[in-house]
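Structure, as structure tokens:
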Amino acid sequence: MGKEYAVSVPGWRTLLTVILLTVPEAGWAVVESATENFVASATLIQGNGGSGARVNFFALQMVPPPVYAGTVTAVVLGTLIDANANWSANQFSGTNGSFYLDFDSGARVDILATDSLTKTLTIPTALAVPIAVGNGYCIRKHLTLGAVFGKNNEAGLTPGGNVAQADNVLVHVAQTQQTLTYFYSNVPGFIGWYSESYAPASNVVIHPENGIMVRRRSTPDVVLYLQGTTKPGLAITPVFSGFNLLGTLNSQRALKLSELNLYTGNAATGIGSGSNPSVADNLILVHPDTTTSSYFYSDYPGFEGWYDAAFRPAADTLIDAGAAFFLQRKAPRGAFYWTIPAE
Amino acid sequence: MKIKLKRLLVSWGTFSVLALLSVVAPRSEGAVLLGWDPSPSTTVTGYKVYYGVASRAYINVIDAGNVTSNIVSGLIGNVTYFFTVTAYTQSGLESDYSNEINLVPSAGSNTPPVISIISDQVINKNLTTAPIPFQVQDAETAAAALVVQASASNTNLMPVSRITFGGSGANRTITLSPALNQSGIATITVTVSDSVAIATRAFQLTVTGSNGLPVIVMPGPVSVAKDTTNAISGISITDLDGGSGAFSVSLRSGFGRIQVLTTVAAGLTAAQIAFNGSGNVQITAPLAAINRTFARSNGVSYAASLNFVGSDTLTAVVNDNGNTGLGGAMSTTGAVAVAVIGSNFDVWKFQNFAYSDLSDPTKEATIWGDNADPDQDGQDNLLEFALGLDPEVKQPTQQGVATQVVDVNGSKYFSLSYNHRKNEPSIQYIPEVSSDEQTWSSGTGAIRQVSVTNVNTTFEVVVCQDLTPITPDNPRFFRLRVIKN
């Protein structure tokens, strides 16, 4: 039987009693939604202890919030098309800064150009994971030196006239095996972030999975406050032959070596194992006191697994959120894509 | 009492008066009632009565106006008076005299009352005439005391019981309501009596046999809740000449489905209803069955189409299929306004999505569902609504939510600002903080509301702050949870 309800709705002058015969249950259901998780972190950059310089290692615990999202409707080599896109020309490239595609698969793909007419993004031809029609993606703006430490050095690093005077931010480029040095110049007329060769550096990209080094030349500690969103799902990053400075991108959870997905059993897709650290690829963890610990994946029969340089089992060794570590990929092994586990 | 009648056509110029002078003998003070036929000329605007004590030597004139009778009083009894009438136009042209009549008023004896001409009437069956005016007078009796009655030559067509009188004094009316579904001709005779003498006036009533219009009664405007089924009671149809034949009724709705009950005893059956449950229900059945079902409280029910909110109209078109009478089928349309009420969220969806999508249940997951994300920008509809974003334009959440690290007394805290709909009780905004993304806290023990800033009539911006500072190795997490009750 029906139930009588008095229906009174603001804006409707008529108040009527109607006989409500049926009410779909869905009409009363509680529905919930939530924003992405925002995270704010504090990273301690220790002072030099009174003299010299002290190198601090850390990694990001967040990614920039997405500025766009969509679904791939077509893809050809070096080009991604989203027929439903409403982006404007060069919205995600050029003078607007550097942006990247963040796929549900975890792949991160830099955007080289943005075309509004053809709804096309130009991307590199070499990809960690093939892009397919129907893949969901979001676009994030790359973090830069200026974004991380503040365009006006809001982080409070010691400025100077050159790299020898100022605190340094060191960015290791694994692909070229270069470590680039930047500083905040306080020279009148040249105030801002510069490279050691005095090129403007505020827009230098810091990839989210990469570790960062800060060489502190002043005594007091500095706390670097950063905010962004947590990285949902997997993240994929290239690991090149030689040294790679990496982090886990996790915001809060420490990961065991055994949880890192670094060892896949296939040296083409993961770290190379060996019977000793000299043969295997090495993971080198830099501790806050600047000491290091080295680990490798043993394939010695009966001793398979993670070990430290002293051959002690290390599978449960933790990589803290925000910690940076070196991954030494030994020649002749080539690059591979590391799939960073989700938090 | 003697009555002298004489008929004479008088012509003058471009118009004439056909005079029929009827003269009633005087009463004691000496008065006569004169009557005459109207002039056939359309330009005539009045009549004058001339009289005197010698033939064709009239020393008195009365402008009677545009009427066809007049009482001449002040006459001396037992003296011969001569009367004639002229017609005149608005421009002052006046006709020749009519025929002359003479009389000798005598005092003291009763004269019969007089009743004016009543024109013939033509109406369709099952209708009632408007009140038909006529005048009564009597030389000795006050008009209010005169008694009027009527008879009919065909009481099957015009029962005397369905004749009613109205008016008062000299100005009376007669109203005729012929028998139902009867047609034909009847002579109606009106009799006026002063209790001593009577006068009669006859006129013809013609009742035609054309098929009468059905009449539909619809209820007043109704308000119904979105996605509910509601009875629409109060629809009824009458047709005095409807008979027992089949009527056609269509019930239509622009944005809803109409269901007609098929289980009412002696009411409509499923076989008599086509497209039941659709937006265009067709009924073919005798009127009695239709009304029996419609009279049931839930005989007709209405359900707006999925997700529809706004104004709809339930329209009923009744066709009597020619039942009964001449002239073919007659139809009538009735309508009831239906306001389909939804929440602000429902209205928002209706404003933002095509109706064709909203009414398609298969598109709940992709287009209109609360948790659907049609623009695939990572925010579902509920969040887009709560934050004032466009559900079909890709927008970052940051247009509705922003975070900041703020300094409070030397310590750093995480703060969150978000667009908040005012006066939206169905939506809860719950900012939450966490240290591990596993356990989330809300409320005054965990979060401080810093400010509320008005934006417009719909939105305000709420700024809140985590009460736990950000410290090295202790990241803080913030999120905004939105719940729709």
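Quick note, the sequences are listed as chains G and Y, same order. Sequential numbering from 172 applies to the first sequence in the working numbering. Sequential numbering from 2 applies to the second sequence in the working numbering. All residues carry an ideal CB built from backbone N, CA and C; glycine is no exception.
Go through its chain and collect everything with a Cβ distance to residue i's Cβ below 6 angstroms, but skip five positions before and after it.
i, result
"Y/N486", "S427"
"G/K322", "S373"
"Y/P134", "T174"
"Y/S344", "S427"
"Y/V86", "A20, W37, Y48, V50 and S99"
"Y/V348", "V310"
"Y/L359", "N308 and W369"
"G/F411", "A345, Q346 and A506"
"Y/N324", "G243, G244 and G246"
"G/T488", "L428"
"Y/N382", "D371, A373 and P392"
Name the chain G residues that come within less than 7 angstroms of residue i, Cβ to Cβ?
i, result
"Y/T472", "A213"
"Y/N372", "V202 and S204"
"Y/F479", "F209"
"Y/V406", "A211, Y396 and Q398"
"Y/V402", "T206"
Which residues of chain Y have a Cβ atom closer than 9 angstroms to the Cβ of residue i, listed in chain order?
i, result
"G/V246", "Per Cβ cutoff of 9 angstroms: no residues; G/V246 is ~16 angstroms from chain Y at best."
"G/A494", "Those within 9 angstroms of G/A494 in chain Y number zero; the least Cβ separation is about 10 angstroms."
"G/Q232", "P476"
Residues in its own chain within less than 8 angstroms of residue i by CB, not counting five upstream and five downstream?
i, result
"G/N255", "G241, T242, T244 and K290"
Please list, in chain order, all residues of the same chain as residue i whose beta carbon is under 7 angstroms from its beta carbon, the five residues on each side excluded.
i, result
"Y/L158", "P179, A180, Q183, G185, A187 and V208"
"G/T285", "W258, A260, N261, Q262, F263, S264 and L292"
"G/T510", "G277, L405, I407 and N432"
"Y/T285", "A247, S249 and Q273"
"Y/F295", "I236, S237 and V301"
"G/N267", "N261"
"Y/T130", "Q122, I124, T176 and L177"
From the DSSP output, read off the bridge partner residues of residue i.
i, result
"G/G445", "G/S469"
"G/S204", "Y/V483"
"Y/Y419", "Y/V402 and Y/V463"
"Y/T333", "Y/V319"
"Y/V453", "Y/V463"
"Y/R202", "Y/V191"
"G/G221", "Paired residues: none, contrary to the question."
"G/D281", "G/Y271"
"G/W509", "G/T408"
"Y/V50", "Y/I63 and Y/V86"
"G/H343", "G/T350"
Could you tell me which chain G residues have their CB closer than 9 angstroms to the CB of residue i, listed as they occur along the chain?
i, result
"Y/R297", "Residues of chain G passing the Cβ test: none, with the nearest at roughly 12 angstroms."
"Y/E438", "N208, V210, T401, S422, Q423, R424 and E514"
"Y/V409", "None at all; the shortest Cβ gap to chain G is about 13 angstroms."
List the residues of chain G that residue i touches, going by C-beta distances under 8 angstroms, in chain order.
i, result
"Y/F256", "Those do not exist, as Y/F256 stays about 16 angstroms from chain G at its closest Cβ, beyond 8 angstroms."
"Y/F415", "F209, A211 and Q398"
"Y/T367", "Ordered by position in chain G, no residue passes the 8 angstroms Cβ test against Y/T367, which lies about 11 angstroms from the chain."
Pull up the CB-CB distance for residue i and residue j, whole angstroms please, since I reckon it's below 8 angstroms.
i, j, result
"G/G476", "G/P484", "6 angstroms"
"G/F507", "G/T440", "5 angstroms"
"Y/N212", "Y/G328", "5 angstroms"
"Y/Q136", "Y/T192", "So it is not a contact: roughly 15 angstroms between Cβ atoms."
"G/R424", "G/E514", "5 angstroms"
"Y/L241", "Y/N67", "About 39 angstroms separates the two Cβ atoms, so there is no contact after all."
"G/V376", "G/S269", "5 angstroms"
"G/L314", "G/P235", "6 angstroms"
"Y/V62", "Y/V80", "Not a contact, Cβ separation roughly 18 angstroms."
Applying a beta-carbon distance threshold of less than 8 angstroms, which residues of chain Y neighbour residue i?
i, result
"G/E203", "L383, R482, V483, I484 and K485"
Quick one: which chain Y residues come within Cβ less than 7 angstroms of residue i?
i, result
"G/N257", "V394 and K395"
"G/G241", "Q377 and K395"
Check each candidate in the options and name the one with the smallest Cα separation from residue i.
i, options, result
"G/P237", "G/F228, G/T206 and G/A260", "G/T206"
"G/A278", "G/P403, G/G317, G/S204 and G/L341", "G/P403"
"Y/V453", "Y/P473, Y/R422, Y/D467 and Y/E433", "Y/R422"
"Y/K520", "Y/I471, Y/G93 and Y/T69", "This structure cannot settle anything about residue 520 of chain Y, because the visible part of chain Y is limited to 2 through 486."
"Y/I291", "Y/E438, Y/D64 and Y/A266", "Y/A266"
"Y/D474", "G/N421, G/D479, G/D470 and G/S429", "G/N421"
"Y/E438", "G/I302, G/T400, G/S366 and G/L489", "G/T400"
"Y/V451", "Y/R482, Y/Y419 and Y/S436", "Y/Y419"
"Y/A198", "Y/A146, Y/D374, Y/E385 and Y/G323", "Y/A146"
"G/I252", "G/I282, G/Q232 and G/Y471", "G/I282"
"G/R520", "G/G413, G/G493, G/S465 and G/G360", "This structure leaves residue 520 of chain G out entirely; chain G is present only between 172 and 514."
"Y/S443", "Y/P222, Y/R253, Y/F276 and Y/T469", "Y/T469"
Does the Cβ of residue i lie closer than 8 angstroms to at least one heavy atom of the ligand GDP?
i, result
"G/D338", "With respect to the ligand GDP, the structure shown offers nothing to examine, as it has no ligands at all."
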